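In this note's numbering, the protein residues as written are 38 to 530.
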């Protein structure tokens with residue numbers, strides 16, 4: 038009964054999380070498509086630098102407490118809320134301290150990241166630290182309870198803010214300030230809505246003993262987050278210091294757009310997956326099945342999406358960024374292809390480590406990747422923009438290898454099943470890629486590109502249907518849909 042209840046919660050949460058992410062990811066590219074036609078690549082380069090600093094400071098304001106509140110098993114609601122209070126006041130105190138640091142040392146920080154003169158921009162942007170400290174704990178409690186319906190409301194308000202704030206300010210010529218102010222307003226709305234709707238409200242309670250217990254888990258979760266931050270932003274830091282803001286803007290905007298498309302699929306699943314795996318952490322078989330089922334579902338869409346964007350990167354660039362960003366085509370293509378492989382084979386590893394209460398493994402994985410990533414980026418940056426872009430994209434394969442070894446040795450996860458699990462989707466996507474390449478030789482016109490994309494999509498699912506395991510799964514989905522439609526028709530009659 039408990040397992041069935043968890044399954045129902047997972048399905049319902051995934052539904053709301055999926056609706057949220059689809060709506061957000063449909064709106065966000067539209068706003069970006071408008072903004073990139075108003076704001077220069079240099080301005081996006083400035084914002085990338087500010088975002089890098091903000092994201093680093095924001096890790097400390099959360100201190101890993103979000104994941105602790107989701108993963109930990111509490112005796113009752115009272116104990117959970119006491120932990121939430123301790124986490125909130127700790128976050129709030131750290132955020133005030135870091136904001137003051139960003140104000141006092143703003144110019145030194147700006148110089149260190151290769152952007153002298155941006156000190157005031159960094160200090161003002163860091164006001165977000167105070168706002169996120171108000172929303173992070175409530176968000177963790179919602180995720181723990183699988184209440185993604187409320188998070189849907191919060192996200193919908195947030196995605197509308199660029200239309201009301203960012204775009205009008207950009208049209209007025211505020212350049213990167215429009216992006217920064219829009220983000221601050223978005224964080225403010227999140228904090229207000231989550232605080233008002235949350236069952237838990239901050240009150241004056243603090244206990245050092247609870248903090249010590251939380252830190253025993255959260256310290257390693259924080260260390261893991263820092264290592265992930267270095268992995269995600271090392272290339273931006275190196276590019277910002279070695280190359281111009283123009284190339285940084287081209288690079289970061291391109292990778293961000295690809296990540297936004299990919300996260301249309303992954304972002305709706307990851308938060309729910311972590312919550313579900315955390316509840317199944319003591320049952321290895323059900324834990325494994327939950328992981329594999331999720332991985333296969335994601336691979337069905339991510340593999341063809343990555344290969345498709347790689348093949349049609351010029352068309353994707355023209356649609357998403359416009360003619361002024363033609364140099365972004367090469368970045369978008371290679372990043373999409375390597376992202377598809379990375380997402381399917383290693384994206385969920387961190388969720389496994391944390392759900393099992395072993396964030397140290399994630400830290401180890403990131404460190405082993407960083408010792409290769411950083412030297413490669415430093416050396417390749419000396420040869421120019423494109424060597425750095427391609428080196429950064431393909432070095433992710435080393436990270437996949439490291440992750441799979443740790444999954445096998447540290448968790449005891451059957452790695453062979455990971456590859457076997459996605460073999461049908463991988464083969465189908467590769468076959469689709471071959472067909473797409475041949476179709477492109479016929480014509481390079483835009484109309485034919487759209488026609489060939491449709492042909493490739495039909496071909497992909499046709500090949501996928503040839504695999505018995507996928508055929509059973511697809512037939513099962515069709516039967517469920519037919520059953521629900523029939524049931525609805527019967528009731529209405």
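Each residue gets a CB set at the ideal place from its N, CA and C atoms; glycine is no exception.
Remember, predicted model here, so these are calculated numbers, not experimental data.
Between the beta-carbon of residue i and the beta-carbon of residue j, is there less than 8 Å?
i           : j           : result
residue 136 : residue 166 : yes
residue 255 : residue 102 : yes
residue 352 : residue 483 : yes
residue 207 : residue 356 : no
residue 276 : residue 369 : no
residue 68  : residue 203 : yes
residue 282 : residue 436 : no
residue 198 : residue 164 : no
residue 79  : residue 345 : no
residue 506 : residue 461 : yes
residue 146 : residue 159 : yes
residue 486 : residue 349 : yes
residue 106 : residue 181 : yes
residue 386 : residue 363 : no
residue 358 : residue 73  : yes
residue 365 : residue 291 : yes
residue 217 : residue 84  : yes
residue 273 : residue 434 : no
residue 414 : residue 269 : no
residue 94  : residue 149 : no
residue 251 : residue 120 : yes
residue 266 : residue 118 : no
residue 480 : residue 280 : no
residue 395 : residue 447 : yes
residue 335 : residue 303 : yes
Mark residue i as exposed unless 16 or more other C-beta atoms lie within 10 angstroms of its C-beta, in which case mark it buried.
i           : result
residue 116 : exposed
residue 420 : exposed
residue 162 : buried
residue 240 : exposed
residue 320 : exposed
residue 201 : exposed
residue 141 : exposed
residue 26  : Past the edges of the chain, shown from 38 to 530, lies residue 26, and the structure says nothing about it.
residue 412 : exposed
residue 489 : buried
residue 475 : exposed
residue 289 : buried
residue 367 : buried
residue 381 : buried
residue 113 : exposed
residue 227 : buried
residue 242 : exposed
residue 130 : exposed
residue 154 : exposed
residue 416 : exposed
residue 253 : exposed
For the alpha helix (DSSP H) holding residue i, just list the boundary residues, first then last.
i           : result
residue 211 : Taken as a continuous stretch (DSSP letters only), residue 211 belongs to no alpha helix (DSSP H), as it is neither H nor E.
residue 321 : 321–348
residue 180 : 165–181
residue 246 : 245–279
residue 317 : Element bounds for residue 317: n/a, residue is neither H nor E.
residue 128 : 114–141
residue 388 : 386–392
residue 378 : 365–383
residue 454 : 452–477
residue 436 : 433–443
residue 289 : 282–303
residue 156 : 156–162
residue 419 : Neither: residue 419 is in no alpha helix (DSSP H) and is coded neither H nor E.
Legend entry - Segment contact flag, the stretch 178–193 with the stretch 223–243, C-beta cutoff 8 Å, min 3 pairs: Because the criterion of three Cβ pairs below 8 Å is met, the stretch 178–193 and the stretch 223–243 touch.
Legend entry - Inter-stretch contact at 8 Å, needing at least 3 Cβ pairs: the stretch 168–182 / the stretch 119–127: Yes, the stretch 168–182 touches the stretch 119–127.
Inset, instruction - Go through the stretch 483–510 residue by residue and report every complete run of the alpha helix (DSSP H) that reaches 4 residues or more, in order. - result: Taken in chain order, the complete alpha helix (DSSP H) segments of 4 or more residues contained in the stretch 483–510 are 483–502.
Legend entry - Given 8 Å, three or more beta-carbon pairs between the stretch 394–406 and the stretch 327–334: Contact fails: fewer than three Cβ-Cβ distances are below 8 Å.
Inset, instruction - Take every Cβ of the stretch 255–268, pair it with every Cβ of the stretch 389–396, and state whether three or more of those distances are shorter than 8 Å. - result: Short answer: they touch.
Legend entry - At least 3 beta-carbon pairs within less than 8 Å: the stretch 492–502 vs the stretch 369–389: Two segments are said to touch when three or more pairs of C-beta atoms, one from each, lie closer than 8 Å; by this definition the stretch 492–502 does not touch the stretch 369–389.
Inset, instruction - Evaluate the contact criterion for the stretch 339–346 versus the stretch 209–228: three or more CB pairs, one atom per stretch, below 8 Å. - result: Result no; under three Cβ-Cβ pairs closer than 8 Å.
Inset, instruction - Could you say if the stretch 440–454 and the stretch 467–485 meet the contact criterion of at least three C-beta pairs nearer than 8 Å? - result: Contact between the stretch 440–454 and the stretch 467–485 is absent, because fewer than three Cβ pairs lie under 8 Å.
Legend entry - the stretch 423–431 touching the stretch 449–456, judged by at least three CB pairs closer than 8 Å: Too few Cβ pairs lie closer than 8 Å, so no.
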